Every structure is written in C-alpha cells, then in structure tokens.
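In the numbering used here, the protein residues as written are 52 to 133.
Glycine included, each C-beta is placed from N, C-alpha and C at the ideal position.
It should be emphasised that the depicted structure is a prediction, and the values quoted were computed from it without experimental measurement.
Working notes, beginning with the structure itself.
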C-alpha cells in the first residue's frame with residue numbers, strides 16, 4: 052500500500068499568529084473556513100483577471116498610439132512637401 056504524505060491543512064490570522072489545524076475545527080467552523088477560503092480564492096482570481104485585462108488594454112493603447120503617431124507624422128510630412 053502506498054504511503055500518503057499529506058501535509059495537514061493549517062491557517063493563521065496573522066503572519067506571526069497562532070497556527071490552527073483545520074482538522075481541529077468544529078463542523079460549523081469548518082464551513083466558515085471553507086467559505087473564507089472560497090472568498091479568498093475569488094478575490095485572488097479577480098485581482099489576477101483584472102491585472103490581465105489592464106495589461107491587454109495597455110497593449111492596445113500602445114498599438115493605437117503608435118498607429119496614430121505614424122499617421123499624424125506621415126500627414127505632416129506630406130503637408131511639408133507641398
């Protein structure tokens with residue numbers, strides 16, 4: 052039979068705070084912990100997705116800015132030759 056090397060789930064309320072084992076929680080507190088973790092994950096996903104969208108918008112802004120600059124400068128050059 053294969054040996055399972057699973058780390059026990061723990062959590063803290065502060066980086067230097069007391070560490071609690073999820074397995075020691077009551078059933079009611081386990082539900083609270085699970086909801087807490089789902090919300091944490093949703094928040095992290097939202098931050099990551101928002102940053103991805105901001106990055107994409109910046110790429111588009113840069114591209115349209117470069118196109119506009121090239122078009123305006125090209126128009127200026129044509130006007131100078133007249």
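When DSSP reads this structure, residue 61 sits in a beta bridge with 72. Not a single unbroken stretch of the alpha helix (DSSP H) spanning 4 or more residues falls wholly within the segment 101-130.
Between the beta-carbon of residue 74 and that of residue 58 there is about 12 Å, and that puts the pair past the 8 Å contact cut. In the three-state scheme derived from DSSP, where H, G and I count as helix and E and B as strand, residue 96 is classed as helix.
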